[in-house]
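The structure under discussion appears below in the form of C-alpha cells.
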Amino acid sequence: MLAKLPSPFRLFKSRLSRGIVTWVFASILAIEGIILIPSYYKREADLLLQLEDVSSEVIASTVNMLLTGMADAEIIGTIANSLKPDSIILGGALYQGNGQQIVTFGELPEIEMTPMKGDLVWRQRSRDGSRYDVAWLISASSMSPGRTAKTPETSTVRKYILAIRHDSSGIKAELHAFKGRIAGLVLLISAFVTVVMMVVLGVTVITPILRLRDDLIAVDYATGKEQANIELYSQKVKRSDELGEVMKAFNQMFKHIHQEIGDRMSEVRKLNAQLEQRVEQLEIEINERQRVERAMRQSEKELRHQTQRLELTLNQLKNTQAQLVQREKMSSLGQLVAGVAHEINNPINFVYGNIAYANQYTKDLLDLLSLYQEKFPDPGEEILAVAEEMDMEFLREDLARMLNSMQEGSERVRDIVLSLRNFSRLDESDLKQVDIHEGIDSTLLMLRYRLQSEFAEIEIDKKYGNLPLVECYPGQLNQVLMNILINAIEALSAEEKESSEISQGTGRIIIRTQHNEQKAVVRIIDNGPGMSPEVKKRLFDPFFTTKPVGKGTGLGLSIGYQIVVEKHGGVLQCFSELGKGAEFWIEIPLSQSQRRS
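By the working numbering, the letter at position 579 of the sequence shown is numbered 582, and the numbering carries on one by one without gaps.
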C-alpha cells in the first residue's frame, strides 16, 4: 500500500496540487491561530487571579484587626508591620478613603484609582508585564476585602485603600512558554492536515491525471507507429468517481479510434497493393515500349513522349499515395484530440467553477476580520503582537494572489482545451468562414512546448491587421500554418544558429496579417540562417527535404502548396537569402464562392 503512495516531492511539482496545498496550509494556520488566541488570555487571567489570592490572605488578617475598632495610628502600624515584601509581594501603600497617602513600604505601586463609587477593586499591570498592582477598598465594618457592610447611621465608618505591588515576572515567563506551546500546537495541526491533504490529493486526483496524461502520450506514439497492442494505466484502474468515468470514456474512445484506424489502414494497404500492381504494369509497359522504340526508329519521338508521361504518372501516384497516408493520420489525430479535449473540459469546469466561490468565501472571512478590527480598534498589546507576528496584511494580499493564480491556472487549462478543439478541425472538408487569427493562435499554442523547452530563445511577434472572416477549409489551412511554423522553429535551433553566419541573439518569428482588395495575406518571417537558391528552387517539390533520414518526409510544404494554390486558388511563395532569414507569403481569396463563379 505504501508503495502506491506518490512521492511528496513529485506531487509538489504539480502546479495545481502545490497551489491547493499551500492555500489549505495557510488557511488552517490562520484559523487555528484565531481559535487558540483566547486560550492565551484566559491563561493570563488565571495566573493574575492566583497572585490576588496570595494578597487576599494578607489583607484578610488586616481586615480582622480593623474590625476590632483600633485607632487609625494603630491600624497603620499593624498594616505596615504585617505587609513585608517577600518573593511575590514587592511593596504596597495605604491611602485614606479620599486618596491621601498614609504609609508605604517596598516598591511603591503605580496604579491609577478612579473616585470611589461603592465597593471597588483596581487592577493595573506594567507595560513589560513584570509588575502587577492591585488596590482594595477596606472599611472598618467590612467582612472581607472589597465588601462594605451596612452600618447604623450613627456609626462612623473608616475607609482605606490598600494597594499591593506583586512580582509578575514569573507569569511573564509562564505566558511565553504557554505561547510557545500554542504556536507548536498550531503548526503541528496545520502540518498534519496539510500532509494528509497532500497524500489524499495525490492518490485520488493528481496521480490519476498524470497517469492519464501518460496514456495520451502513449496513444499518440502508438498511433504514429501503428502499434496494435499497448498497455494503458486507465485500462487497469477501476474507479467509480468522475475520474473513473473519464478513464472509461477514454478507453472506449481509444478502442473506437484504434479500430477505425485499423480499418482505414487496411484500405490504405489495399490501395497500396493496387498501386503497386499498377506500377508493375506501368513498368512492364515502359520496358515493352522501350523495346519497341529500339525496334522502330521511326516512332522514337512518340515513344519518348509516352515514356515521360508514364513516369510523370508514376510520380503522381506515389505522391498521391503518400498524401493519402498523411491525411488519414491527420484525420485520426484530429478526432483523438477533439475527444481528449471534450473529456478534459468537464472536470476542469468543476475546478474553475468552485474557485470563484472559494474566492468569495475568503473575501467574506477577510471582511469579517476587518469588521472586528473596525469595531474593536484597541484589542490589546498581545493581540497586536500576535497579529504582527502573523503579518495579517501579507496574509490578505498573499491569499488573494494565491486564489488569483489558481484561477489563472484553470483559465489556462480551459484555453488549451479550446485550442485543442480549434486545432482538431483537421478533418473538416466543408468551406467555412473563419477567423485566420484564431487558427494562428491555436497553432502557436500547440507548438508552445517546443518554443519553451527545446528552443527557449525564440520570440513570437504577432502583428495582426484588421482581417475580415475568410471562407476557406480551416483544418487544411491550419495544417499549412503548422508546417511553416515548424520549419521556422527548426531553422532557429541552437545547432543551426551556431553553424550559420547570422548574428548571435534571440531567435524571432514575426507573423503579419493584412488584406488587399479581395485577398487575405499571412506573412511568416524568421531571422534564421536562410536558404541557398538551390534549396529554395526545390522547396515545394514532393519528397524534397534537407533533414536527416528519418526526421522529415519532404511532404509538408508540398502538401501546403497544393492546399493554398490548388485548393484555395491562392499564392504560396518563399523569399530567402543565405544568412538573412526567410519569409513565407500566403495569399488566399476572402471568398471561395466568388472565385469559383
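The C-beta atom is built at its ideal place from N, Cα and C for all residues, glycine as well.
- [ ] Using the DSSP secondary-structure output, state which residues sit across from Ala96 in a beta bridge.
- [x] Translated into the one-based positions of the sequence shown, residue 96 becomes position 93. When beta bridges are read from the DSSP output, Ala96 appears opposite Thr107 and Ala166.
Open item on the list: I need the boundaries of the alpha helix (DSSP H) containing Glu392, first residue and last residue.
Closed with: Here residue 392 is taken as the residue at index 389 of the sequence shown, counted from 1. Note, Glu392: alpha helix (DSSP H), Glu384 to Met393.
Open item on the list: Could you check whether Glu586 and Ile512 sit closer than 8 Å to each other, using their CB atoms as the reference points?
Closed with: Here residue 512 is taken as the residue at index 509 of the sequence shown, counted from 1. Here residue 586 is taken as the residue at index 583 of the sequence shown, counted from 1. No. Outside cutoff.
Open item on the list: Alpha carbons only, please: which of Asp394, Gly383 and Leu406 is nearest the one belonging to Tyr355?
Closed with: The count along the sequence shown starts at 1 and reaches residue 355 at position 352. For Tyr355, the nearest C-alpha among the options comes from Leu406.
Task: CB contact flag (Met653, Ile358, <8 Å) - done: The first residue shown for the chain is 4 and the last is 600, placing residue 653 beyond what the model contains.
Open item on the list: For Gln521, count the other beta carbons within 10 Å of its own beta carbon; 16 or more makes it buried, fewer makes it exposed. Which is it?
Closed with: As a first step, residue 521 must be located in the sequence shown, where it is residue number 518. By the Cβ neighbour-count rule, Gln521 is exposed, with fewer than 16 other Cβ atoms within 10 Å of its own.
Task: Local Cβ density within 10 Å of Ile38, reported as buried at 16 or more and exposed below that - done: Stepping through the sequence shown from its first residue, residue 38 is reached at position 35. By the neighbour-count rule (16 or more Cβ atoms within 10 Å), Ile38 is not buried but exposed.
Task: contact_flag[the stretch 183-191, the stretch 200-209] where n(CB pairs < 8 Å) is 3 or more - done: Touching, no, given that fewer than three Cβ pairs across the two stretches are closer than 8 Å.
Task: Cutoff 7 Å; reference Leu495; Cβ partners in own chain excluding five residues on either side - done: Looking up residue 495 in the sequence shown gives position 492. Here the set comprises Phe458, Ile461, Gly510, Asp529 and Gly531.
- [ ] Can you give me the start and stop residues for the alpha helix (DSSP H) that Lys182 sits inside?
- [x] Translated into the one-based positions of the sequence shown, residue 182 becomes position 179. Lys182 -> alpha helix (DSSP H) spans Ser172 to Leu204.
- [ ] Could you please give me the residues that DSSP links to Thr516 through a beta bridge?
- [x] Looking up residue 516 in the sequence shown gives position 513. The bridge partners DSSP lists for Thr516 are Val525.
Task: Buried versus exposed, by CB contacts within 10 Å (16 or more), Tyr375 - done: Working through the sequence shown from its first residue, we reach residue 375 at position 372. Answer is exposed; the Cβ neighbour count stays below 16.
Task: Distance between Ile34 and Val27 (C-alpha atoms, nearest Å) - done: Reading the sequence shown from its first residue, position 24 is the one you call residue 27. Reading the sequence shown from its first residue, position 31 is the one you call residue 34. Each residue's alpha carbon lies about 11 Å from the other.
TODO: Identify every residue that forms a DSSP beta bridge with Gln127.
DONE: As a first step, residue 127 is located in the sequence shown; it is residue number 124 there, counting from the start. Gln127 is bridged to Asp136.
Task: Distance CB(Asp136)-CB(Ile114) smaller than 8 Å - done: Taking the sequence shown and counting its residues from 1, one reaches residue 136 at position 133. Taking the sequence shown and counting its residues from 1, one reaches residue 114 at position 111. Remark: C-beta atoms of Asp136 and Ile114 approach each other more closely than 8 Å.
Task: Cβ neighbour criterion (16 or more within 10 Å) applied to Ala176 - done: On the sequence shown, residue 176 is found 173 positions in, with the first residue counted as 1. Looking at its Cβ environment, which holds fewer than 16 other Cβ atoms inside 10 Å, Ala176 is exposed.
TODO: Pull up the CB-CB distance for Pro112 and Gly94, whole angstroms please, since I reckon it's below 8 Å.
DONE: Position 109 of the sequence shown, counted from the start, is the residue given in the question as residue 112. Position 91 of the sequence shown, counted from the start, is the residue given in the question as residue 94. Between Pro112 and Gly94 a beta carbon distance of about 7 Å is seen, short of the 8 Å cut, so the two are scored as contacting.
Open item on the list: Here's the rule: buried if 16 or more other CB atoms are within 10 angstroms of the residue's CB, otherwise exposed. What is Asn519?
Closed with: The residue labelled residue 519 in the question sits at position 516 within the sequence shown. Asn519 should be labelled exposed.
Open item on the list: Taking the straight line between their C-alpha atoms, what separation do you get for Leu191 and Phe253?
Closed with: For the purposes of this step, residue 191 is taken as residue 188 along the sequence shown, with counting starting at 1. For the purposes of this step, residue 253 is taken as residue 250 along the sequence shown, with counting starting at 1. Roughly 41 Å between the two C-alpha positions.
Task: Meets three-Cβ-pair contact criterion under 8 Å: the stretch 374-389 and the stretch 435-446 - done: Counting Cβ pairs under 8 Å, fewer than three are found: no touch.
TODO: Just the C-alpha distance for Arg526 and Ala29, rounded to the nearest angstrom, thanks.
DONE: For the purposes of this step, residue 526 is taken as residue 523 along the sequence shown, with counting starting at 1. For the purposes of this step, residue 29 is taken as residue 26 along the sequence shown, with counting starting at 1. Spanning the alpha carbons of Arg526 and Ala29 requires a straight line of approximately 50 Å.
TODO: List the endpoints of the continuous alpha helix (DSSP H) containing Gln479.
DONE: Numbered from its first residue, the sequence shown carries residue 479 at position 476. In the DSSP annotation of this structure, the continuous segment of the alpha helix (DSSP H) that includes Gln479 starts and ends at Pro477 to Ala494.
Open item on the list: So for Ala445, helix, strand or coil by DSSP?
Closed with: Taking the sequence shown and counting its residues from 1, the one referred to as residue 445 is at position 442. In the sequence under discussion, the amino acid at residue 445 is Ser, which differs from the Ala named in the question. When secondary structure is reduced to three states using DSSP, Ser445 falls in the helix class.
TODO: Count the other C-beta atoms from every protein chain shown that fall within 10 angstroms of the C-beta of His179, then say buried if there are 16 or more, exposed otherwise.
DONE: Working through the sequence shown from its first residue, we reach residue 179 at position 176. An exposed status is given to His179, since fewer than 16 other beta-carbon atoms sit within 10 Å of its beta-carbon.
Task: Segment contact, 8 Å Cβ cut-off, at least three pairs: the stretch 279-297 with the stretch 257-265 - done: Contact fails: fewer than three Cβ-Cβ distances are below 8 Å.
Task: Where Arg511 falls: helix, strand or coil (DSSP) - done: Stepping through the sequence shown from its first residue, residue 511 is reached at position 508. In this structure, Arg511 counts as strand in the three-state DSSP scheme.
Open item on the list: Within a Cβ cutoff of 6 Å, which residues of the same chain sit near Leu581, ignoring the five residues on either side of it in sequence?
Closed with: Start at 1 with the first residue of the sequence shown, and residue 581 comes out as number 578. Cβ within range, chain order: Gly533 and Ser535.
Task: Residues near Lys399 by beta carbon distance below 8 Å, same chain, minus five either side - done: Locating residue 399 in the sequence shown gives position 396, counting from the first residue. Position check: residue 399 holds Arg in this sequence, whereas Lys was assumed. If we look at Arg399 and ignore the five residues flanking it on each side, its Cβ neighbours are Leu369.
- [ ] Consult DSSP for Lys466 and reduce its assignment to one of helix, strand or coil.
- [x] In the sequence shown, counting from the first residue as 1, residue 466 sits at position 463. In the structure shown, Lys466 falls within a strand segment according to DSSP collapsed to helix, strand and coil.
TODO: Give every residue of the same chain whose Cβ lies closer than 6 Å to the Cβ of Leu32, excluding the five residues on either side of it in the sequence, and list them in chain order.
DONE: Start at 1 with the first residue of the sequence shown, and residue 32 comes out as number 29. Closer than 6 Å at the Cβ level, and outside the excluded window around Leu32, lie Ser193.
- [ ] Can you tell me which of the three DSSP states Pro592 falls into?
- [x] Translated into the one-based positions of the sequence shown, residue 592 becomes position 589. It is a strand residue.
Task: Host alpha helix (DSSP H) of Leu560 (start-end) - done: By one-based count along the sequence shown, residue 560 stands at place 557. Counting along the chain, the unbroken alpha helix (DSSP H) around Leu560 starts and ends at Gly559 to Tyr564.
Task: Rounded distance between the beta-carbons of Leu575 and Gly584, thought under 8 Å - done: Mapped onto the sequence shown, residue 584 falls at position 581. Mapped onto the sequence shown, residue 575 falls at position 572. Contact flag wrong, Cβ pair sits at about 18 Å.
Task: Three-state secondary structure assigned by DSSP to Ser269 - done: Here residue 269 corresponds to residue number 266 of the sequence shown, with the count starting at 1. Correct three-state label for Ser269: helix.
Task: Burial state of Thr157 (16 or more Cβ within 10 Å) - done: Stepping through the sequence shown from its first residue, residue 157 is reached at position 154. Since pLDDT at Thr157 reaches only 44, below the 50 mark, its modelled position is unreliable, and no value is offered.
TODO: Please name the residue in Lys540, Glu569 and Phe257 whose C-alpha comes closest to that of Thr609.
DONE: Limits of the chain in this structure are 4 at one end and 600 at the other, which puts residue 609 out of reach.
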